[in-house]
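The next block holds one structure in the form of structure tokens; read it before the comments.
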Amino acid sequence: MSFDGLNPDALAFFDELAVNNTKEWWQSQKSRFTENVAGPFEALAEELEPEFGPVKIFRPYRDVRFSADKSPYKLQIGLVTRASAAHYLQLSASGLLIGGGMYQPTPPQLAAFRSLVDEARTAPDLEATLAEVRAAGFEPMRDDELRTAPRGFSADHPRIDLLRLRHLAVGREEQPDDWMWTPDALDEIRAAWHVVSVWCDWLHANIAIDPEAR
Numbered sequence: 096m097s098f099d100g101l102n103p104d105a106l107a108f109f110d111e112l113a114v115n116n117t118k119e120w121w122q123s124q125k126s127r128f129t130e131n132v133a134g135p136f137e138a139l140a141e142e143l144e145p146e147f148g149p150v151k152i153f154r155p156y157r158d159v160r161f162s163a164d165k166s167p168y169k170l171q172i173g174l175v176t177r178a179s180a181a182h183y184l185q186l187s188a189s190g191l192l193i194g195g196g197m198y199q200p201t202p203p204q205l206a207a208f209r210s211l212v213d214e215a216r217t218a219p220d221l222e223a224t225l226a227e228v229r230a231a232g233f234e235p236m237r238d239d240e241l242r243t244a245p246r247g248f249s250a251d252h253p254r255i256d257l258l259r260l261r262h263l264a265v266g267r268e269e270q271p272d273d274w275m276w277t278p279d280a281l282d283e284i285r286a287a288w289h290v291v292s293v294w295c296d297w298l299h300a301n302i303a304i305d306p307e308a309r
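Using my numbering, you'd call the opening residue of the sequence shown number 96 and step up by one each time.
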């Protein structure tokens, strides 16, 4: 399957799903999802895999076991590379989210990151890496960040914004644009993932993949 661009109907599909998040509506629109949403993502994944490695496309079903929200279907489609510091792409009604890193670092990995943030000797390399990805519009993901300093660190630490992070990932949002619906989307996403690689490479070089290795 060749990649000819994402399909703009995906935006309408997720808008409609937001107000019709039921099994009945999904079944009536399942072929539309397969053709206009999942199909282009599968073709895109095939194009990206030779350079970035195996890619997983997330299933459209929500895990509602521990959620108050029992709506059964996700309002986005996402794909991720199968690496400890991974590349990520998500399409929803609001456009694209491009990013990557370690979304759920282990406690030892997070502790190792905070140690590098804290040390005057290692912090400049980290800050230079973040400056490079920020120049391309990527920012650290601050979802669920700590409200104050983690235990053992001062609230007035000069790099408190980094110490508070819980996800070691960066991301950039792209509003819906004409390039997304053309083959040019592959080059745009590939170029963005090259920037994400700068961050992933830093994580691989500095944060032990095996938590017992540090």
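The beta-carbon is built from N, C-alpha and C at its ideal position, and this holds for glycine as well.
Which residues in the same chain have their Cβ closer than 7 Å to the Cβ of A264, if we skip the five residues on either side of it in sequence? G194, G195, G196, M197, Y198, M236
When you compare the CB positions of G190 and Q270, do they come within less than 8 Å of one another, or not? yes
Since I284 contacts L205 with CB under 8 Å, what's their CB separation in whole angstroms? So it is not a contact: roughly 28 Å between Cβ atoms.
Suppose the cutoff is 8 Å on Cβ atoms and the five residues either side in sequence are ignored; what does the same chain contact list for N131 look like? N102, D104, A105, F108
Kindly indicate which residue of E222, L257, W294, D272 has the alpha-carbon position closest to the one of D238. L257
Member of P245, L281, V114, A231 whose CA lies at the smallest distance from the CA of W91: The displayed coordinates of the chain run from 96 to 309. Any statement about residue 91 would go beyond what the structure contains.
Buried or exposed for P202, please, with buried defined as at least 16 other CB atoms from any protein chain shown within 10 angstroms of its CB. exposed
Assess, as a yes-or-no matter, whether the segment 164 to 181 is touched by the segment 273 to 284 under the definition of 3 or more beta carbon pairs within less than 8 Å. no
I'd like the span of the alpha helix (DSSP H) that includes T117, first residue to last. Note, T117: premise wrong, no alpha helix (DSSP H); not H, not E.
In three-state DSSP terms, what is P203? helix
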